[in-house]
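In what follows, a single structure is set out as structure tokens and then discussed.
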Amino acid sequence: MTRKRVKETTIGSKQGASCNELLALLNEYVDGDVDPAVCKEFENHLAKCNPCRVVVDNVRQTITLYRQNEPCKLPETFRKKLHSCLRKHWKKSKAGK
Ligand SMILES: [Zn+2]
Numbered sequence: 002m003t004r005k006r007v008k009e010t011t012i013g014s015k016q017g018a019s020c021n022e023l024l025a026l027l028n029e030y031v032d033g034d035v036d037p038a039v040c041k042e043f044e045n046h047l048a049k050c051n052p053c054r055v056v057v058d059n060v061r062q063t064i065t066l067y068r069q070n071e072p073c074k075l076p077e078t079f080r081k082k083l084h085s086c087l088r089k090h091w092k093k094s095k096a097g098k
């Protein structure tokens, strides 16, 4: 077991959107219902934040598949699952105490 210490995260208040802000926007983002400006912010964050990028990538794929089968909104259970998944990822990425 190797333990890597995360010295500092690039995600900060000065870097634009934070992980928490992304979480709040994620529903709209995956629905394609976000302002272009917000969307850009989102992309900027993802470019710096690997955990978020991985998660969002997965989400996108899931949604694409989902939409191909049935053009309807994401089920509530999926959203909840998604959120807890994101939180877990972010928690892990901040684990360097
Ligand atoms: Zn993030």
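One rule links them: number in the numbering used here = place in the sequence shown (from 1) + 1. The beta carbon of each residue, even a glycine, is placed where N, CA and C say it ideally should be. Computed from a predicted structure; not experimentally measured.
Asked, Found
"Spatial neighbours of Val35 in its chain, beta-carbon cut-off 8 Å, leaving aside the 5 residues before and after", "Leu26, Glu29 and Phe43"
"Proximal residues to Leu47 (C-beta, below 7 Å), its chain only, five neighbours per side dropped", "Cys53, Arg54 and Val57"
"Where the alpha helix (DSSP H) containing His50 begins and where it ends", "The displayed chain sequence assigns Cys, not His, to residue 50. Taken as a continuous stretch (DSSP letters only), Cys50 belongs to no alpha helix (DSSP H), as it is neither H nor E."
"Exposed unless 16 or more other CB atoms sit within 10 angstroms - verdict on Val7", "Summary for Val7: the model assigns pLDDT 46, below 50, so the residue's position carries little reliability; its value from the coordinates is reported in the next sentence. Result: exposed."
"Reduced DSSP secondary structure (H/G/I, E/B, other) of Asp34", "coil"
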